[in-house]
Amino acid sequence: AKSGGRGAFRFFEPELDEIMHTRRNLERDMRAALAGHQFELYYQPFVNTATGKTSGFEALLRWHHPQRGLVMPGEFIPLAEETGLIVPLGEWVLRTACAEAAKWPLDLSIAINLSPAQFRSKELVPVVVGALASSGVAPHRLELEVTETAIMHDSEAVFAALGQLRQLGVRSALDDFGTGYSSLSFLQRFPFDKIKIDRSFVSELTSAKAEAHHLARAVVRFAVSLSKTTTAEGVETKEQLDILREEGCAETQGYYFSRPVPASSIAKMLPRDAGA
Ligand code: C2E
Ligand code: CA
Ligand code: CA
Ligand code: CA
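If you count the sequence shown from 1, you need to add 552 to reach full-length UniProt numbering.
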């Protein structure tokens with residue numbers, strides 16, 4: 553039974569009321585989770601297409617919810633962005649990932665996903681500098697991944713921060729390339745080092761579909777013409793890998809090589825002679 557005070561909300565659809573309730577719970581739980589060490593980073597390798605060697609790892613957030621179990625980022629990142637919680641959470645991600653990368657061979661890169669709100673916070677540059685300093689990770693090993701959508705929402709803030717970080721040697725990558733709507737000249741303006749070809753393109757790559765090959769080739773050439781390197785995401789089959797290698801894509805990532813795994817499981821993906 554609803555109390556008098558909540559009577560005003562009766563005209564809400566019950567479903568909406570329930571969604572709002574769930575959101576409030578999720579937000580409350582997320583704040584507790586950050587303090588309670590319920591977040592964990594998983595790592596998915598990037599593989600050099602020509603040599604087959606691991607060239608780095610992308611950090612991907614996981615939440616061990618005390619009641620709900622493992623919660624994936626798709627379920628909580630959007631709310632973390634809306635509530636601003638992504639700023640302290642993103643700082644935790646940066647610090648934790650750099651601390652982990654400090655244990656790997658020195659030539660391996662560490663990639664981190666950034667949300668638009670982190671660029672708006674004005675704290676991004678000092679937070680990155682702090683994470684590098686306290687971990688001892690060299691700036692050129694750090695790669696910041698940003699989506700086209702994020703840039704379109706706040707291009708000046710993103711442009712300014714990535715420019716400053718680039719001066720320090722930190723690299724950046726355009727994530728999910730091909731899913732946004734920005735023009736080629738717009739992309740050219742951004743000082744990305746790398747373009748990550750979205751999984752939706754890669755999943756189209758089969759020997760039967762010539763147009764998909766042409767599209768992959770066009771993206772790789774476009775990237776090369778701008779002096780950027782390419783990584784294909786979501787590679788699940790050997791056939792996709794072979795096509796990407798043939799089209800000149802420098803790096804690949806996907807379940808074909810490995811799913812994202814906890815930090816404790818990555819040692820076996822590192823070169824044998826590494827002192828890690
Ligand atoms: P993303 O950055 O595009 O990451 C790639 C997603 O595709 C990951 O999902 C990864 O597990 C999944 N994936 C990788 N290889 C394959 C494959 O071969 N097949 C298929 N079907 N999927 C593959 P995940 O871990 O659920 O992350 C989803 C999204 O959440 C990420 O997309 C990223 O946008 C966001 N995210 C994850 N961690 C963070 C973080 O620390 N900060 C921020 N701001 N966003 C994050
Ligand atoms: Ca990413
Ligand atoms: Ca992506
Ligand atoms: Ca994505």
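Glycine residues also receive a C-beta, built at the ideal position from the N, C-alpha and C atoms.
With contacts defined as CB atoms closer than 9 Å, V679 and G715 fail to qualify as a contacting pair. The beta-bridge partner set that DSSP reports for P814 consists of Y594. At the C-beta level, A784 and T758 stay beyond 9 Å of one another. Measuring C-alpha to C-alpha distances from L726 to each of F742, Q719 and Q619 identifies F742 as the nearest. Selection around ligand 2 by beta-carbon proximity, strictly under 6 Å to any non-hydrogen atom, yields E610, N665, E697 and D727 in chain order.
One thing to note: R693 has its Cβ within 9 Å of the Cβ of G608.
Ligand 1 has no heavy atom closer than 8 Å to the beta-carbon of R620. Using a 10 angstroms sphere on the CB of Y733, the tally of other CB atoms stays under 16, which defines it as exposed. In this structure, S737 lies away from V698, with their beta-carbon atoms at least 9 Å apart. For A713, the CB contacts under 7 Å within the same chain, skipping 5 residues up- and downstream, are F671, L676 and V677 in chain order. Cβ-Cβ distances below 7 Å link F744 to S724, A725, L726 and K780 in the same chain, with the five nearest sequence neighbours on each side left out; the list follows chain order. Looking at the DSSP output, A784 sits in a beta bridge with I749 and T804.
The beta carbon of W644 sits closer than 7 Å to those of L586 and F591, all from its chain and outside the five residues before and after it, given in chain order. Three or more Cβ pairs closer than 8 Å define a contact, and the stretch 619 to 636 falls short of that threshold against the stretch 650 to 662. If you draw a 10 Å sphere on the C-beta of K748, you find 16 or more other C-beta atoms in it, and that means buried. Ligand 3 has a heavy atom closer than 8 Å to the beta-carbon of D750. Take the alpha-carbon of Q740 and the one of I571: they are about 41 Å apart. About 26 Å separates the Cβ atoms of Y595 and I795, ruling out a contact at the 8 Å cut-off. The closest heavy atom of ligand 3 lies 8 Å or more from the beta carbon of E799.
Scanning its chain for C-beta atoms nearer than 8 Å, with the 5 sequence neighbours on each side dropped, one finds around L793 the residues T601, V787, T804 and Y808, in chain order.
S667 is positioned such that its CB atom lies no closer than 9 Å to that of I703. In this structure, the beta-carbon distance from G800 to T789 does not fall below 9 Å. Between the alpha carbons of P812 and A611 lies a gap of roughly 8 Å.
Taking S686 as the centre and dropping the five residues before and after it, the same chain places the C-beta of R647, C650 and A651 closer than 8 Å to its C-beta, in chain order. 9 Å or more divides the Cβ of N577 from the Cβ of L613. Relative to ligand 3, the nearest heavy atom lies less than 8 Å away from the CB of E785. In this model, S661 and E695 are separated by some 7 Å (Cα to Cα).
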